[in-house]
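Chains as they are written, first to last, in my numbering: chain A, 1 to 437; chain B, 1 to 441. Have a look at the structure below, then the notes.
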């Protein structure tokens, strides 16, 4: 198909180079910093808040406190009990979401312009004046315990738990953020109050807003919303030491398909090698059907439905990790292929064509991410958490394009580490032995 | 809490004003085209939907619709295997596909100026697929691993599969989309090609383009790429075996050692949305919200808040289906509450609701949220694309989709009670318990 090929060449030269998003950095009268993208096309605002620290701030002996606390923020606040709070949110058609992960407490809010003030009042109550009523604590505790019970027999959850324990040991990353059945059962209202004081503070909040709001309106909104939070919160956790001995940690579990997580040391996004490693990972196993792992494990051999890798750049540790699932009689083959690909990439590097294809994908796909108020707000707050400036959006593709073949292949040699590459396998895989105690 | 916050109530503009940016036309060969404009970012979602899903398979080859979906990423007469996705990726786009009971759909998300490219490739594989035995064998292993991942490794998924089979006495909705394992293992090249030749044609397809696209430009491109493909004159009528009257309640208990959190669910056979007649489905949509949609819903309040016999409840109904669908309830009890006790409590609440009917303020809150949804969903053109594509693949029209929000607003408490009394009939239901092997409760 000659016509098509010619078209492709022409089009590839004209890929959009930059994302067309204008981010304003504002500081409120009350001295809160925020990023704003004004867009009045749809009468609502997407507001994203991140409080750094998240579940890793749990006090010793109170594992799960931050997670339970965050789940309770919408279960009664100010003058409203849980039912009244939900009822008001429904009347306002405000969408309030609260979540906690290892590095942050996330608050995602969507408000209609027409009742923004009342919606913000409700959100403010949940952040500043949550009630933590005893009946709500017991109800939500039961839900958390049900989730933990369910996870006990889910192979993917078991693999995550065992991999975290092996890699991070006693660091908060080494245990489930929801806690254990025992630790959650033992949490008191005082633990929850302490978690609230420690996690939601002005010294660790990152803010972005996108949609139908002006800078001045946003400034007043934020000062009202967050002005009464404590200035400082709990100290952030220390760096985590990694234990990645190589080999296989086998977890026996009777299920037809084995699930494997694998990891080796990773690198921080501010490391000079990051962009090269990021592109390298894209070629190795970063999404899409074209990665080497997908090609070798799925397309050529049919050993799995999906195999992926990514660089997990977290606040206290960085790993290069991934996952695969294969029937018990095929997992050993899948792991052998992944190991071989890891070594082949380290030793022989990528081709110029692979690098070029990865760059055109990554630079072409980047501007397409900025396609809605909600997605832009989420990207903007994530960039602040990562310590990136607003002009990163305009410069990011240049940094991808600047990576040379020599550089990416040097990074492959220096970073890909088959000795450290460790597999945690849950299932009853044939022909695999446990080599990690 | 009876107090209404009058000052806070949402008073939205008429819904019709929000639905303006959708254009619909039909090519001469019968292919439907829907364009949803959103010019905020230079990106488009390009989708082709076939009015053919797993429920259109012949008996004995379950999973072939989904298998073919995978095989469409192999080569055509002019494209090498894998070249489709690789080309999309080289142009900064991403692509994928999905199969359901009533449709199979392929999509790409890509820069707006690449629409011509993806349309050309999608039109190519509508009729020029080239497969060989090697493709079949490897990809069949992939779909079996997909089944392992989605179903065999998940007791709740195995449970749902068994339960659907019990729900439908005659209709192929009782057969899983991914296929029964023994039939998947025997799928061959001939099965896939037979399905392809029968159903993949422009007069059985819907094109949806959402995002930064101009309807007239889309029309020109669509005529050039899809308009030249002849219609299939032998396209079969879409008539599946229908359900006979259900005269006996069915029950099942599924036990698996991998279950650590037991629960129960019940499904009732229920009518779907039909073109020009969506009122009953609208009433059932509101009924599901009243019973299980969020913290103030009736089942949530009674079972979770008051009686504390549940840690989680859900009520679910979607009328998006070509043929009869289901109205579903789920109750997850805490330790110390048996499934029998939780089920009795659930039935208590249903009986009470059928006597008292909905609280007027509650119904008003649900309608308020449905109105607001019309604003929030404009932020996501891809999800609007999926809505229109699914609707047109399931027997609805663009007009039906656009009328739906007002039909929901017009539902009265009486309509809901009429629909509830009709649908919540145990003779048309399946009740299932998912639990561990030892009866410990």
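All C-beta atoms in this analysis are idealised placements derived from N, C-alpha and C, irrespective of residue type, glycine included. Note that this is a predicted model, so its numbers are computed, not measured.
Check: Near-chain B residues of the segment 138-150 of chain A - C-beta to any C-beta below 7 angstroms; Outcome: 139, 142, 143, 146, 149 and 150
Check: Touching by the beta-carbon criterion (3+ pairs, under 8 angstroms), the segment 312-320 of chain A and the segment 258-274 of chain A; Outcome: yes
Check: CB of residue 316 (chain B) within 9 angstroms of CB of residue 340 (chain B), strictly; Outcome: no
Check: Meets three-Cβ-pair contact criterion under 8 angstroms: the segment 243-254 of chain B and the segment 136-145 of chain B; Outcome: no
Check: Cβ of residue 305 (chain B) within 9 angstroms of any chain A Cβ; Outcome: yes
Check: First and last residue of the uninterrupted alpha helix (DSSP H) at residue 71 (chain B); Outcome: 64-71
Check: Same chain only: Cβ atoms within 7 angstroms of residue 89 (chain A), ignoring 5 sequence neighbours per side; Outcome: 96 and 122
Check: For residue 229 (chain A) and residue 254 (chain A), believed in contact at Cβ under 8 angstroms, the rounded distance; Outcome: About 48 angstroms separates the two Cβ atoms, so there is no contact after all.
Check: Own chain partners of residue 38 (chain B) with C-beta closer than 6 angstroms, once the 5 adjacent residues on each side are dropped; Outcome: 211 and 381
Check: Partner residues on chain B for residue 364 (chain A), Cβ-Cβ distance less than 9 angstroms; Outcome: 89, 90, 91, 92, 93, 110, 111 and 114
Check: Proximity test, Cβ basis, 9 angstroms: residue 392 (chain A) and chain D; Outcome: No chain D appears in the structure shown, which is made up of the protein chains A and B.
Check: Among A:55, A:288 and A:383, nearest to residue 48 (chain A) - alpha-carbon criterion; Outcome: A:383
Check: Contact list for residue 39 (chain A) against chain B, beta-carbon separation under 8 angstroms; Outcome: 40
Check: Inter-stretch contact (C-beta, 8 angstroms, three-pair minimum) for the segment 222-231 of chain B and the segment 394-407 of chain B; Outcome: no
Check: Own chain residues within Cβ distance below 6 angstroms of residue 343 (chain A), not counting five before or after; Outcome: 418
Check: Span of the beta strand (DSSP E) around residue 24 (chain B); Outcome: 22-26
Check: Bounding residues of the beta strand (DSSP E) (the contiguous stretch that carries residue 432 (chain B)); Outcome: 429-435
Check: CA-to-CA distance, residue 309 (chain A) to residue 365 (chain A), given in whole angstroms; Outcome: 18 angstroms
Check: Status (buried if at least 16 other CB within 10 Å, exposed otherwise) for residue 76 (chain B); Outcome: buried
Check: Coil, strand or helix - residue 98 (chain A) by DSSP; Outcome: strand
Check: Residue 418 (chain B) classed as buried or exposed, judged by whether at least 16 other C-beta atoms fall within 10 angstroms; Outcome: exposed
Check: At least three beta-carbon pairs within less than 8 angstroms, the segment 343-352 of chain A to the segment 179-194 of chain A; Outcome: no
Check: Proximal residues to residue 63 (chain A) (C-beta, below 7 angstroms), its chain only, five neighbours per side dropped; Outcome: 175, 179, 180 and 183
Check: Pick from B:64, B:416, B:430 and B:393 that is closest to residue 254 (chain B), judged by C-alpha positions; Outcome: B:430
Check: Cβ-heavy atom distance, residue 425 (chain B) to the ligand COA, below 8 angstroms; Outcome: With respect to the ligand COA, the structure offers nothing, as it holds no ligand at all.
Check: Helix, strand or coil at residue 428 (chain A) according to DSSP, with G and I counted as helix; Outcome: coil
Check: Residue 384 (chain A) in three-state terms, based on DSSP; Outcome: helix
Check: Short Cβ contact (9 angstroms threshold) for residue 239 (chain B) with residue 203 (chain B); Outcome: no
Check: Endpoints, beta strand (DSSP E) assigned at residue 405 (chain B); Outcome: Residue 405 (chain B) -> not in any beta strand (DSSP E); alpha helix (DSSP H) instead, spanning 398-410.
Check: Chain B contact for residue 200 (chain A) (CB, 9 angstroms cutoff); Outcome: no
Check: Residue range of the alpha helix (DSSP H) that includes residue 79 (chain B); Outcome: Where residue 79 (chain B) is concerned, there is no enclosing alpha helix (DSSP H), given that its DSSP letter is neither H nor E.
Check: The segment 73-82 of chain A contacting the segment 202-214 of chain A, beta-carbon criterion three pairs below 8 angstroms; Outcome: no
Check: Same chain, Cβ closer than 8 angstroms to residue 192 (chain B), five either side skipped, listed in chain order; Outcome: 64, 67, 68, 71, 131 and 136
Check: The segment 362-380 of chain A touching the segment 296-309 of chain A, judged by at least three CB pairs closer than 8 angstroms; Outcome: no
Check: Contact list for residue 186 (chain A) against chain B, beta-carbon separation under 8 angstroms; Outcome: Under the 8 angstroms cutoff, chain B gives no residues; its nearest Cβ is about 16 angstroms from residue 186 (chain A).
Check: Chain-ordered chain B contacts of residue 373 (chain A) [CB-CB under 7 angstroms]; Outcome: 379
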